[in-house]
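Novice: Once you know that position 6 of the sequence shown is 8 in the numbering used here, the rest is easy, because the numbers rise by one and skip nothing.
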Amino acid sequence: MAARGKSVAFARIRAEVIRLVALIPEGKFTTYGSIAIHMNVMARHVATVLSRLTPEESAALPWHRVVSAEARLSPNMDAALSRKQRRRLNAEGLRISKDGYIQSADTHFHNMGVRRNIRWSDVADADAE
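Quick look at the structure:
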């Protein structure tokens, strides 16, 4: 049963990451860590969800508005995808340095909000009952 609980928890985490990313306004950005803190999960969970979007989700969701710590485009991202992210952010008025850092980051940062007291496994366990 434990594996099922984790699966349900991850499905809920995935849905919430997608919901939050959809709320990031045009011309703004946030970080994997900011979303993670708000959700009370690890930044790696957020990155995993975004790296596994379906083509339809990727087309509809402003995934390009989520970047690494210090307002930097992820250095681990595929080069072609990174160029696409840079183009989309530039089109929204954000300027990015040669090294991949968003300029005037404080002006463009979208704060996700305070940490919520969610225990995703508890939520999943309650659903399983």
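Don't be surprised by glycine CBs; every beta carbon is placed ideally from N, CA and C.
Output needed for R97: all residues of its chain with C-beta closer than 8 Å, excluding positions within five of it in sequence on either side, in chain order.
Specialist: In the sequence shown, residue 97 corresponds to position 95, counting from 1. Within the same chain, R97 has close Cβ partners I104, Q105 and S106.
Novice: Classify S99 as helix, strand or coil using the three-state DSSP reduction.
Specialist: Residue numbering aside, residue 99 sits at position 97 when the sequence shown is read from its first letter. Three-state DSSP puts S99 in coil, outside helix and strand.
Novice: Kindly list the residues whose CB is nearer than 7 Å to the CB of A38, restricted to its own chain and excluding five residues on each side of it in sequence; keep chain order.
Specialist: Here residue 38 is taken as the residue at index 36 of the sequence shown, counted from 1. Only M44, A45, H47 and V48 meet the Cβ criterion.
Novice: For S76, which residues in the same chain have their Cβ closer than 6 Å to its Cβ, ignoring the five residues on either side in sequence?
Specialist: Sequence index remark: in the sequence shown, residue 76 carries index 74 (1-based). Closer than 6 Å at Cβ, skipping near neighbours: S70.
Novice: If we call anything under 8 Å between Cβ atoms a contact, is I26 one with H110?
Specialist: On the sequence shown, position 24 is the one that residue 26 refers to. On the sequence shown, position 108 is the one that residue 110 refers to. Against a cut-off of 8 Å, the Cβ pair of H110 and I26 comes out as no contact.
Novice: Which whole-angstrom value describes the C-beta separation of V51 and R16, a residue pair presumed to lie in contact below a C-beta threshold of 8 Å?
Specialist: What you label residue 51 is simply residue 49 of the sequence shown in a count that begins at 1. What you label residue 16 is simply residue 14 of the sequence shown in a count that begins at 1. At roughly 5 Å, the Cβ-Cβ gap stays under 8 Å, so V51 and R16 are in contact.
Novice: In this structure, how does DSSP classify I20 when only helix, strand and coil are distinguished?
Specialist: Here residue 20 corresponds to residue number 18 of the sequence shown, with the count starting at 1. Note: I20 maps to helix in three-state DSSP.
Novice: Report yes if the C-beta distance between W122 and R21 is below 8 Å; otherwise report no.
Specialist: On the sequence shown, position 120 is the one that residue 122 refers to. On the sequence shown, position 19 is the one that residue 21 refers to. The answer is no: Cβ separation not under 8 Å.
Novice: Spatial neighbours of E28 within its chain, please: CB distance less than 6 Å, with the 5 preceding and 5 following residues excluded, ordered by chain position.
Specialist: Walking along the sequence shown from the start, residue 28 turns up at place 26. Only E94 meet the Cβ criterion.
Novice: Is it buried or exposed, A128, if we count other Cβ atoms within 10 angstroms and call 16 or more buried?
Specialist: In the sequence shown, residue 128 corresponds to position 126, counting from 1. Its pLDDT being 45, under 50, A128 is placed unreliably by the model, and the measurement read from it follows with that caveat. It is exposed - the Cβ of A128 has fewer than 16 other Cβ atoms within 10 Å.
Novice: When the Cα of S60 is compared with those of K86, M41 and S36, which residue comes out closest?
Specialist: Indexing the sequence shown from 1 puts residue 60 at position 58. That would be K86, whose Cα lies nearest to the Cα of S60.
Novice: DSSP on I104, reduced to helix/strand/coil?
Specialist: Position 102 of the sequence shown holds residue 104. Note: I104 maps to strand in three-state DSSP.
Novice: Under 6 Å Cβ to Cβ from R67, same chain only, skipping five residues before and after it: list those, please.
Specialist: Within the sequence shown, residue 67 is the residue found at index 65, counting from 1. Cβ within range, chain order: I26 and F31.
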